[in-house]
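Down below is the structure, laid out as structure tokens.
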Amino acid sequence: FDLIFHRNGPLVGQPRGYAFVTYVKQEDAIIAKNALHNLLVGQKNIIVTWAHSVNNEEVEKPKPEIVIPALAMSKEGKKTDRISQIQAIEAKLKLMEKKQEDELKINDTVATKPPVIVQYQYNKSQTTAISSFKHKHPLKKSDRYNKPYSKSKFRR
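Take any residue in the sequence shown, count from 1 to its spot, add 1423: that is its number in the numbering used here.
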């Protein structure tokens, strides 16, 4: 008893609905065929027929050539071999390298400067040194009242 399953598509792994059964005696095969033919299984009737053997001549017959219009534009006769494909890719890479050398020139002034983060850290350390110098010398008590925002005392 052999079942045929779907090999690809959305129904992969499910039976196609065909089965082949082999019996030792021909009489048993005839009895089974007559008993199972047109039998209701689930919601469907089973159709049981004799399997047809395929002649080797039919398999070896030349099949008609199918022409698909969408594929007609593809080149059939000229298929390049691997060596010529590799050579073409190498030539294209060399051409691309040559173009990059011509077009891309590194700006020496930018390349010689330190990275931006290093410049930032250096500038940050410079500003903190200056600001710490100011805080080491606090104002005198008498200087407190000379601020531009202080109110003068009202005298009567």
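Just so it is clear, CB atoms sit at the ideal spot from N, CA and C, and this is done for glycine as well.
Test item: CB-CB of residue i and residue j under 7 Å
i, j, result
"residue 1582", "residue 1463", "In the structure displayed, the chain extends from 1424 to 1579; residue 1582 sits before or after that span and is not available."
Range of the contiguous alpha helix (DSSP H) that encloses residue i
i, result
"residue 1456", "1449-1459"
Integer-rounded CB distance, given that residue j should sit under 8 Å from residue i
i, j, result
"residue 1468", "residue 1461", "5 Å"
"residue 1446", "residue 1455", "7 Å"
The beta strand (DSSP E) enclosing residue i, as first and last residue numbers
i, result
"residue 1469", "1467-1469"
"residue 1464", "1462-1464"
Exposed unless 16 or more other CB atoms sit within 10 angstroms - verdict on residue i
i, result
"residue 1500", "With a pLDDT of 48 at residue 1500, under the threshold of 50, the predicted position of this residue should be treated as unreliable, though the coordinate-derived value follows. When all chains shown are included, residue 1500 counts as exposed."
"residue 1436", "exposed"
Within-7 Å CB hit, residue i to chain D
i, result
"residue 1522", "This model lacks chain D altogether, as it is built from one protein chain only."
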